[in-house]
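Each protein sequence line maps, in turn, to chains Z and H. Residues 70 to 476 in my numbering are what the first sequence lists, from first letter to last. Residues 70 to 476 in my numbering are what the second sequence lists, from first letter to last. For glycine and all other residues, C-beta sits at the position ideal for the given N, C-alpha and C.
Protein chains: 2
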Amino acid sequence: MNSTGLIVEYNPFHNGHFFHVEEARKRTDADVIIAVMSGNFLQRGEPAIISKWARAKMALQAGVDIVVELPYAFAVQHAETFAYGSINILHALKCNSFCFGSESGNINEFSDAIDLIENHRVEYEAFVKELMKTGVSYPTSLSQSMKKIYPDHKNYIDLAKPNNILGFHYMQINNTLQSPMRAFTIKRKNANYHDEEFSSSTIASATSIRKATFEANQSINGIEQYVPKTTSNVLQEYYNDYQTFHNWEMYWPYLQYRLLSIEETDLANIYEIEEGIEHRLKRYAKDAVSFHDFMQRVKTKRYTWTRIQRMCVHILTNTKKSEMLRHHNHIEYIRLLGMTERGRMYLSQIKKDIDVPLISKISAISSELLELDIRASNIYSQGLQEPYRQKMFKTEYAQPPIYIHQN
Amino acid sequence: MNSTGLIVEYNPFHNGHFFHVEEARKRTDADVIIAVMSGNFLQRGEPAIISKWARAKMALQAGVDIVVELPYAFAVQHAETFAYGSINILHALKCNSFCFGSESGNINEFSDAIDLIENHRVEYEAFVKELMKTGVSYPTSLSQSMKKIYPDHKNYIDLAKPNNILGFHYMQINNTLQSPMRAFTIKRKNANYHDEEFSSSTIASATSIRKATFEANQSINGIEQYVPKTTSNVLQEYYNDYQTFHNWEMYWPYLQYRLLSIEETDLANIYEIEEGIEHRLKRYAKDAVSFHDFMQRVKTKRYTWTRIQRMCVHILTNTKKSEMLRHHNHIEYIRLLGMTERGRMYLSQIKKDIDVPLISKISAISSELLELDIRASNIYSQGLQEPYRQKMFKTEYAQPPIYIHQN
Chain Z
70 MNSTGLIVEY
80 NPFHNGHFFH
90 VEEARKRTDA
100 DVIIAVMSGN
110 FLQRGEPAII
120 SKWARAKMAL
130 QAGVDIVVEL
140 PYAFAVQHAE
150 TFAYGSINIL
160 HALKCNSFCF
170 GSESGNINEF
180 SDAIDLIENH
190 RVEYEAFVKE
200 LMKTGVSYPT
210 SLSQSMKKIY
220 PDHKNYIDLA
230 KPNNILGFHY
240 MQINNTLQSP
250 MRAFTIKRKN
260 ANYHDEEFSS
270 STIASATSIR
280 KATFEANQSI
290 NGIEQYVPKT
300 TSNVLQEYYN
310 DYQTFHNWEM
320 YWPYLQYRLL
330 SIEETDLANI
340 YEIEEGIEHR
350 LKRYAKDAVS
360 FHDFMQRVKT
370 KRYTWTRIQR
380 MCVHILTNTK
390 KSEMLRHHNH
400 IEYIRLLGMT
410 ERGRMYLSQI
420 KKDIDVPLIS
430 KISAISSELL
440 ELDIRASNIY
450 SQGLQEPYRQ
460 KMFKTEYAQP
470 PIYIHQN
Chain H
70 MNSTGLIVEY
80 NPFHNGHFFH
90 VEEARKRTDA
100 DVIIAVMSGN
110 FLQRGEPAII
120 SKWARAKMAL
130 QAGVDIVVEL
140 PYAFAVQHAE
150 TFAYGSINIL
160 HALKCNSFCF
170 GSESGNINEF
180 SDAIDLIENH
190 RVEYEAFVKE
200 LMKTGVSYPT
210 SLSQSMKKIY
220 PDHKNYIDLA
230 KPNNILGFHY
240 MQINNTLQSP
250 MRAFTIKRKN
260 ANYHDEEFSS
270 STIASATSIR
280 KATFEANQSI
290 NGIEQYVPKT
300 TSNVLQEYYN
310 DYQTFHNWEM
320 YWPYLQYRLL
330 SIEETDLANI
340 YEIEEGIEHR
350 LKRYAKDAVS
360 FHDFMQRVKT
370 KRYTWTRIQR
380 MCVHILTNTK
390 KSEMLRHHNH
400 IEYIRLLGMT
410 ERGRMYLSQI
420 KKDIDVPLIS
430 KISAISSELL
440 ELDIRASNIY
450 SQGLQEPYRQ
460 KMFKTEYAQP
470 PIYIHQN
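This is the structure in structure tokens:
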């Protein structure tokens, strides 16, 4: 069976995602679509609006055949480590190709950029380093360094765009594999990544959909035209089950409590905390009346919102440098969140050939990397009130992979 | 001016306390009554029903002249360290005497017990150690050891009674001082320390009063006959200001969060965590739906409710062994919470002679011991919802000592 991998967050799954799944299937002539999906905390340092189980269900009901979890140690990370984990998992699952959305939409622009940079690696890396020292962000530094090296090159890719930079890293990591997967990219339609307002009649960014969901007083009215019916249903089911959608504000009391009670030396041991920002984080924790207020107080030109949000997730989950550095370059297991009938057939076909344990339950193996996932899930549940907190705690241990009989 | 010290928690101040203040004043012929009072967390490992400021106000309005805070490092402690801090503070404030409530009510019984034990210290301590090894509690071991050494002695004091054992330690510590204060004791009236139901018409235990306050749906109806009018007023004011009284359940989500996110090795570094109980605490944290439920699951014959509650307070406030052991045998400052006009006169009279800094604001000195108090106060505030949380955070920094013009 011909298989194609996608790297996703589905927060929540919307029409743009649906388009991407269908287009990827066509372009790559896939029999099976495999999505590696962030768990309950996301790359940009946020809790997912609904749990990974509900998000896996949305995906499976809308055309994806297999959903596996990107472990916390790779998911809540800058682009390079995020790409490392995702690509390695898709490769371990024997994907023939992978397909990502990008602002560029042209796969040759990505290969060109990689070739150009490879040819001038030393010079290029020196430029990037120099620019970052002056306070320029990493993606912008990559982009500007390319301009410096090839001032006359017309079609260089804009690596300052969030999906381009991710795609660039996917392809870089893929190139380091023994048998690289074939890479495809699809131009993103209409909505820009961070758009907060709806910008077209049927495609809107996940950010704007989340915003609408929360603004509409935790109701899904007003988002139906931007998401498949299956997404509306799952969102409604989730709300019925847990009486809330998740956002950072639910976790703010815990983050504030943690910042007020932790010693600075211990805070400095949390992953991604560096350069003395621990003083700043502790200093502003007490005066802030909400997470949003806290972020406004803490952010600086030097630290992007996303970077600080990721720090906050690591503080919340008590993830230490020592833990992350032990684990962030090794895929110890692949956790199956759900599959369709076709996905099940694919997995039984490849099972004998894969050399990473494919697990359906967290009791299946003992792994420190998995401990991080379990802790992150527990903390995600902690945002709920009882009795919903208990319900979600139990789900993490008892839930078998979601199975969709007919796709 | 003749001054008498009391060691108190006033959680809340009730008629029994009022009787004790008046009786202490008469017996010791005091011009000034000084109370050293636990801050926001109490000896038995509980948050106080209302903040230390409100409790200080109750005391001052009902006859106490000076209220100072017993630092966290002495307050949330077993009897011996609690006594060490309290007696040393009263002595530093030049008290001529101190007066404690006890089940015995006879000061000679205390001196006798101390003499008897002093005369057979080695033998006595060996008995105590041996009994504790078999799982007998510390107070009961003290009591039983005395029976073993003096089987024929009729009037030995029952050290298994909670107020007797505290008084015993007060007197032991007082004896080690260069110029010991004169010791007085008053027999406790009617209510037993732990009584949960009201047992007489005007005197009830603080435990039963708290229980009534919470059971009556956070209303003070039904406790008026057991507390001075001033107490009812302060309780009502507090409720108007913060919309709640405090109990452990308010802090349960934070404790649970902490237990779920902390690593076992770090948990073992928290003060009073020993002998592998960290496994047990972590194991039961997830299944418990409330603090009460958690305590029921965790407690064993070996670990008393109070002992586990104290551990829980230290986990909640992130108080480490290293911090406590650095500080628990030195009075670095005395923090004034409030005074009457008469109290103010007394303090200006002794000011030149006291050799511990007497502080009115936490900005006055820099001390690691004080940092513990500030952290404990911040965590106490964290139990409130916004905007009340901010209000209480600010109080801790901005509140000058309460001043009562006319007593």
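Original post:
residue 369(H) lies in the beta strand (DSSP E); which residues open and close that run?
Top reply: Position 300 of the second sequence holds residue 369(H). From DSSP, residue 369(H) is part of no beta strand (DSSP E); its letter is neither H nor E.
**OP:** For residue 253(H), I'd like the list of residues in its chain whose CB is within less than 8 Å of its CB, leaving aside the five on either flank, ordered along the chain.
**Re:** Within the second sequence, numbered from 1, the residue matching residue 253(H) stands at position 184. Setting aside the 5 residues that flank it on each side, residue 253(H) is surrounded in the same chain by 73, 93, 96, 97, 166, 167, 168, 169, 176, each with a C-beta closer than 8 Å to its C-beta; the list follows chain order.
**OP:** Please classify residue 456(H): is it buried, with 16 or more other beta-carbons within 10 angstroms of its beta-carbon, or exposed?
**Re:** As a working note, residue 456(H) is residue 387 in the second sequence. With fewer than 16 neighbouring CB atoms inside 10 Å of its own CB, residue 456(H) falls in the exposed class.
Subject >> DSSP state of residue 333(H) mapped onto helix, strand, coil >> reply: Position 264 of the second sequence, counting from 1, holds the residue named residue 333(H). Of the three classes helix, strand and coil, the one that applies to residue 333(H) here is helix, per DSSP.
Original post:
Going straight from the alpha carbon of residue 476(H) to that of residue 131(H), what length do you get?
Top reply: Residue 476(H) sits at position 407 when you count from the first residue of the second sequence. Residue 131(H) sits at position 62 when you count from the first residue of the second sequence. Reliability fails at residue 476(H), whose pLDDT of 48 lies under 50, so the model's placement of it is uncertain and the value that follows must be treated cautiously. Going from the Cα of residue 476(H) to the Cα of residue 131(H) covers about 8 Å.
**OP:** Identify which residue in 408(H), 123(H), 87(H) has its Cα closest to the Cα of residue 302(H).
**Re:** On the second sequence, position 233 is the one that residue 302(H) refers to. Ranked by Cα distance from residue 302(H), the first of 408(H), 123(H), 87(H) is 123(H).
Original post:
If residue 214(Z) sits next to residue 239(Z), beta carbons under 8 Å apart, how far is it from one beta carbon to the other, in whole angstroms?
Top reply: Mapped onto the first sequence, residue 214(Z) falls at position 145. Mapped onto the first sequence, residue 239(Z) falls at position 170. Rounded, the Cβ-Cβ distance is 20 Å, inconsistent with contact.
Subject >> Same chain, Cβ closer than 7 Å to residue 388(H), five either side skipped, listed in chain order >> reply: Within the second sequence, numbered from 1, the residue matching residue 388(H) stands at position 319. Within the same chain, residue 388(H) has close Cβ partners 339, 340, 441.
Original post:
Would you report the Cα separation of residue 281(Z) and residue 434(H), rounded to the nearest angstrom?
Top reply: Counting from one through the first sequence, the residue named residue 281(Z) turns up at place 212. Counting from one through the second sequence, the residue named residue 434(H) turns up at place 365. Straight across, the Cα-Cα distance linking residue 281(Z) with residue 434(H) is about 50 Å.
**OP:** Identify the continuous beta strand (DSSP E) that holds residue 407(Z) and give its terminal residues.
**Re:** What you label residue 407(Z) is simply residue 338 of the first sequence in a count that begins at 1. It spans 403-409 - the beta strand (DSSP E) in which residue 407(Z) sits, taken as one unbroken run.
**OP:** Report yes or no: do three or more beta-carbon pairs, one from the segment 352-363 of chain H and one from the segment 414-430 of chain H, lie closer than 8 Å?
**Re:** Flag = no, the segment 352-363 of chain H and the segment 414-430 of chain H do not touch.
Original post:
Do the segment 99-110 of chain H and the segment 295-314 of chain H make contact, defined as three or more Cβ pairs closer than 8 Å?
Top reply: In short, these stretches do not touch, since the Cβ pair count stays below three.
Original post:
Helix or strand or just coil, what does DSSP make of residue 168(H)?
Top reply: Position 99 of the second sequence, counted from the start, is the residue given in the question as residue 168(H). The answer is strand: DSSP assigns residue 168(H) an E or B state.
Original post:
Around the C-beta of residue 422(Z), are 16 or more other C-beta atoms found within 10 angstroms, so that it is buried, or is it exposed?
Top reply: The sequence position of residue 422(Z) within the first sequence is 353, counting from 1. With fewer than 16 other Cβ atoms within 10 Å, it is exposed.
Original post:
Taking just the CA atoms, how far does residue 304(Z) sit from residue 313(H)?
Top reply: Position 244 of the second sequence, counted from the start, is the residue given in the question as residue 313(H). Position 235 of the first sequence, counted from the start, is the residue given in the question as residue 304(Z). Spanning the two alpha carbons is a distance of roughly 35 Å.
**OP:** Decide if the segment 314-321 of chain Z is in contact with the segment 273-287 of chain Z; the criterion is three or more beta carbon pairs, one per stretch, under 8 Å apart.
**Re:** Under the 8 Å Cβ criterion, the segment 314-321 of chain Z counts as touching the segment 273-287 of chain Z, having at least three qualifying pairs.
Original post:
Can you name the residues of chain H whose CB is closer than 7 Å to the CB of residue 333(Z)?
Top reply: Stepping through the first sequence from its first residue, residue 333(Z) is reached at position 264. Ordered by position in chain H, no residue passes the 7 Å Cβ test against residue 333(Z), which lies about 11 Å from the chain.
**OP:** Could you tell me if residue 251(H) is buried or exposed, where buried requires 16 or more neighbouring beta carbons within 10 angstroms of its beta carbon?
**Re:** As a working note, residue 251(H) is residue 182 in the second sequence. Answer is exposed; the Cβ neighbour count stays below 16.
Subject >> Any chain H beta carbon closer than 9 Å to residue 455(Z) >> reply: Along the first sequence, read from residue 1 onward, the residue named residue 455(Z) stands at position 386. So yes, residue 455(Z) belongs to the interface.
Original post:
Okay, do the segment 392-408 of chain Z and the segment 134-145 of chain Z touch, 3+ Cβ pairs below 8 Å being the bar?
Top reply: Enough Cβ pairs lie closer than 8 Å, so yes.
Subject >> Counted within 10 angstroms of its Cβ, other Cβ atoms place residue 148(H) as buried (16 or more) or exposed >> reply: By 1-based counting over the second sequence, the position of residue 148(H) is 79. It counts as buried.
Subject >> CA nearest to the CA of residue 245(H), picked from 337(H), 288(H), 233(H), 160(H) >> reply: On the second sequence, position 176 is the one that residue 245(H) refers to. Closest by alpha carbon: 160(H).
**OP:** List the residues of chain H whose Cβ lies closer than 8 Å to the Cβ of residue 355(Z), in chain order.
**Re:** Taking the first sequence and counting its residues from 1, the one referred to as residue 355(Z) is at position 286. What residue 355(Z) touches in chain H: 447, 462.
**OP:** Find the nearest neighbour of residue 154(H) within the set 350(H), 425(H), 432(H), 407(H), judged by alpha-carbon distance.
**Re:** Residue mapping note: residue 154(H) aligns to position 85 of the second sequence, counting from 1. Nearest option by C-alpha distance: 425(H).
**OP:** Whole angstroms is fine: what's the gap from residue 473(H)'s alpha carbon to residue 100(H)'s?
**Re:** Taking the first residue of the second sequence as 1, we reach residue 473(H) at position 404. Taking the first residue of the second sequence as 1, we reach residue 100(H) at position 31. Roughly 16 Å between the two C-alpha positions.
Original post:
Taking DSSP as the reference, what is the three-state secondary structure of residue 389(H)?
Top reply: Stepping through the second sequence from its first residue, residue 389(H) is reached at position 320. Strand at residue 389(H).
Original post:
How long is the line joining the alpha carbons of residue 431(Z) and residue 208(Z), rounded to whole angstroms?
Top reply: By 1-based counting over the first sequence, the position of residue 431(Z) is 362. By 1-based counting over the first sequence, the position of residue 208(Z) is 139. If I take the Cα positions, the gap works out to 36 Å.
Original post:
Hey, quick one: how far does the beta strand (DSSP E) through residue 472(Z) stretch, first residue to last?
Top reply: Position 403 of the first sequence, counted from the start, is the residue given in the question as residue 472(Z). Where residue 472(Z) is concerned, the enclosing beta strand (DSSP E) starts and stops at 471-473.
Subject >> First and last residue of the uninterrupted beta strand (DSSP E) at residue 291(Z) >> reply: As a position in the first sequence, residue 291(Z) is number 222, starting the count at 1. Careful: residue 291(Z) lies outside any beta strand (DSSP E) and carries neither H nor E.
Subject >> Of the listed residues 85(Z), 450(Z), 87(Z), 151(Z), nearest to residue 106(Z) (C-alpha basis) >> reply: What you label residue 106(Z) is simply residue 37 of the first sequence in a count that begins at 1. Per the Cα distances, 151(Z).
Original post:
Does the distance from the CB of residue 102(Z) to the CB of residue 243(Z) come in under 9 Å?
Top reply: Sequence index remark: in the first sequence, residue 102(Z) carries index 33 (1-based). Sequence index remark: in the first sequence, residue 243(Z) carries index 174 (1-based). Result no, Cβ atoms of residue 102(Z) and residue 243(Z) do not sit closer than 9 Å.
**OP:** Would you identify the three-state DSSP class for residue 476(H), choosing helix, strand or coil?
**Re:** One-based indexing of the second sequence puts residue 476(H) at position 407. Note that residue 476(H) scores 48 on pLDDT, short of 50, meaning its location in the model is unreliable; the coordinates nonetheless yield the value given after this. In the three-state scheme derived from DSSP, where H, G and I count as helix and E and B as strand, residue 476(H) is classed as coil.
Original post:
Under 9 Å between the Cβ atoms of residue 367(H) and residue 350(H)?
Top reply: Counted from its first residue, the second sequence places residue 367(H) at position 298. Counted from its first residue, the second sequence places residue 350(H) at position 281. Yes, Cβ-Cβ distance for residue 367(H) and residue 350(H) is below 9 Å.
Original post:
Using a beta-carbon distance below 9 Å, is residue 476(H) in contact with chain Z?
Top reply: By one-based count along the second sequence, residue 476(H) stands at place 407. Here the model assigns residue 476(H) a pLDDT of 48, short of 50, so the residue's position is not dependable and the matter cannot be decided.
Subject >> Under 8 Å by beta carbon: chain H residues contacting residue 386(Z) >> reply: Translated into the one-based positions of the first sequence, residue 386(Z) becomes position 317. Taking a Cβ-Cβ cut-off of 8 Å, the neighbours of residue 386(Z) in chain H comprise 330, given in sequence order.
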